[in-house]
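Using the working numbering, the final residue of the sequence shown is 1296, and nothing's skipped along the way.
Ideal Cβ placement from N, Cα and C applies to all residues, glycine included.
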Amino acid sequence: MTQHDKTRSGSRLATRRTFLGAAAATVAGFGLRGFARAEAASAPAGMAVFDDLMERFMKEHRPPGAALAVTHKGRLVHARGFGMADVEKEEPVEPTSLFRIASLSKPFTSAAVMRLEQQGKLALDDRVFEVLNMASYLEEHPATDARLRDVRIRHCLQHTGGWDRGKSIDPMGARAAFRIARELGVELPIETKHIIRFMLDQPLDTEPGTAYAYSNFGYCLLGRVIEACSGKPYGQFVEEEILKPIGIRHMRLGKNLPEDRAPGEVTYYDSGNRAGRAVSGPNIGEPAPLPYGVEMIETMDANGGWIASAVDLVRFASALDDPKRCKVLDETTIRAMLAPPEGPVGHLPDGSPRPSYYGCGWSVQPSRRARGATTKSHFGMLAGSSTVLTCRADGTNWAAVFNSDADGKGRQFAGLIDPLLRQKTREIRDWPEEDLFETYAGA
């Protein structure tokens, strides 16, 4: 690294340390109340309660920026940005601002897999490594865990593939990247093919299909399954077969570095001002802010790599609300997507579904009032972003996205706002007939 590069690197880190202080000052000062209230006149009748809720939340917890979108019975009834998309440039968050959605990418990957199943191009009980043409490697290397041959697509969707990051390793993180590169003898940045090759030589933590353990790697594999069965790059298939048919135009796979931000994408502010060793970019191995150069956004594609607006997220949710009119998944497929895992992972001893479980890409809670109805949700978090999408059984959905991860007490913003939104939506008796989706038809 040249002295000039070192100076630039140090300057970036010094600038990064100022972000959170500037963000707090901005939220507390001129930006928040004026921006939220300036647009309040365009909100449908009765929906200003969400502005009030978010204003109080922003003042108490001090995220730099956020966006909220709410739908009811397929109608977009609220969409608003709060605070700053970029603190230094004083750019406000818009309802259509793009945010890293982190693990909220998983429902989209699940929808793509279910679309391929609906098209007859795969079955959920297909063996993953046979689909990926890696069965021969497992046969030729007897030291590999024989149980890998039994991992099915369904297992990856439901986090029952046998990988438990709490017991072994999450290979999708930056810390693992250095180990993977070293053991395989490859240069950083690593690619998904390197991660998979590395994981083939790691033992499973549990028998496939017998225990739930959240696995980013399982969804990395699903991205490759989508490519193998569709003949298209993962992102292209999701865009063509899931996003565009339901009217989502600007959602896309994110990038690692700030200079590669998409038009309309926010800036990310890690709440802890943390730094790590860069795994991508011009200064690999050097200190870098976690959101830029340390988080492997591009490698995370299928498990956590998408950027989207709050409006995009509720548009997706609303498309799944009415299976008879859904343009991408039919009623049978949606039912299968939300069904509980087989056996004790998804069922109580009496055979009834557990009160909550992880289906195919969603955390699911069966309704106790309406047979067959469910509430489904997913959270996402990375350094510099916190997101949630909740879809209630009565057809009310909301998405909240933040360009930072946690408040001063380490509490995730999405986890704090979601129960408040659950309570607020329960209090509303009269929902407006106006549909703001028409306003954002090209967004």
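Counted within 10 angstroms of its Cβ, other Cβ atoms place residue i as buried (16 or more) or exposed
i, result
"H994", "exposed"
"R1178", "exposed"
"T1186", "buried"
"D1123", "buried"
"S1257", "buried"
"G936", "buried"
"T1278", "buried"
"V1132", "buried"
"D1283", "exposed"
"E1195", "exposed"
"A999", "exposed"
"S1238", "buried"
"E1286", "exposed"
"Q1265", "buried"
"L885", "Summary for L885: the model assigns pLDDT 41, below 50, so the residue's position carries little reliability; its value from the coordinates is reported in the next sentence. By the 10 Å Cβ count, L885 comes out buried."
"T1063", "exposed"
"K1262", "exposed"
"E1040", "exposed"
"S1209", "exposed"
Beta-carbon gap between residue i and residue j smaller than 8 Å
i, j, result
"I1150", "K1108", "yes"
"S956", "G1233", "yes"
"S963", "G1214", "yes"
"A1030", "I1022", "no"
"P1061", "H1012", "no"
"T1059", "G1015", "yes"
"P1219", "P1206", "yes"
"A965", "V1091", "yes"
"R980", "V1004", "yes"
Min CB distance residue i to chain E below 8 Å
i, result
"E1184", "Any reference to chain E falls outside this structure, which holds one protein chain only."
Integer Cβ distance of residue i from residue j, believed to fall under 8 Å
i, j, result
"R968", "V1181", "6 Å"
"V1164", "L929", "7 Å"
"I1290", "R1168", "Note on identity: in this sequence residue 1290 is Phe, with Ile being the wrong assignment. Rounded, the Cβ-Cβ distance is 7 Å, consistent with contact."
"L1001", "A1081", "Going by Cβ atoms, the distance from L1001 to A1081 rounds to 17 Å, so no, they are not a contact pair."
"T1120", "D1260", "Rounded, the Cβ-Cβ distance is 18 Å, inconsistent with contact."
First and last residue of the uninterrupted alpha helix (DSSP H) at residue i
i, result
"S1083", "1069–1083"
"F1031", "1027–1037"
"P1140", "From DSSP, P1140 is part of no alpha helix (DSSP H) but of the beta strand (DSSP E) over 1140–1142."
"K1185", "In the sequence as presented, Lys is not what sits at residue 1185; that position holds Thr. T1185 -> alpha helix (DSSP H) spans 1184–1191."
"Q971", "959–971"
"P1061", "Looking at the DSSP string, P1061 is not in any alpha helix (DSSP H), and its letter there is neither H nor E."
Endpoints, the beta strand (DSSP E) within which residue i is located
i, result
"S1257", "Unbroken run through S1257: none, as it is neither H nor E."
"S1216", "1216–1219"
"A1128", "1128–1130"
"D1298", "With the chain running from 854 to 1296 in the structure shown, residue 1298 is simply not present."
"C1244", "1238–1244"
"F1232", "1227–1235"
"T924", "918–925"
"I1160", "1159–1161"
Assess, as a yes-or-no matter, whether the stretch 922–936 is touched by the stretch 1236–1252 under the definition of 3 or more beta carbon pairs within less than 8 Å.
-> yes
State whether the stretch 895–902 contacts the stretch 1222–1239, with contact taken as three or more CB pairs (one from each stretch) at a distance under 8 Å.
-> no
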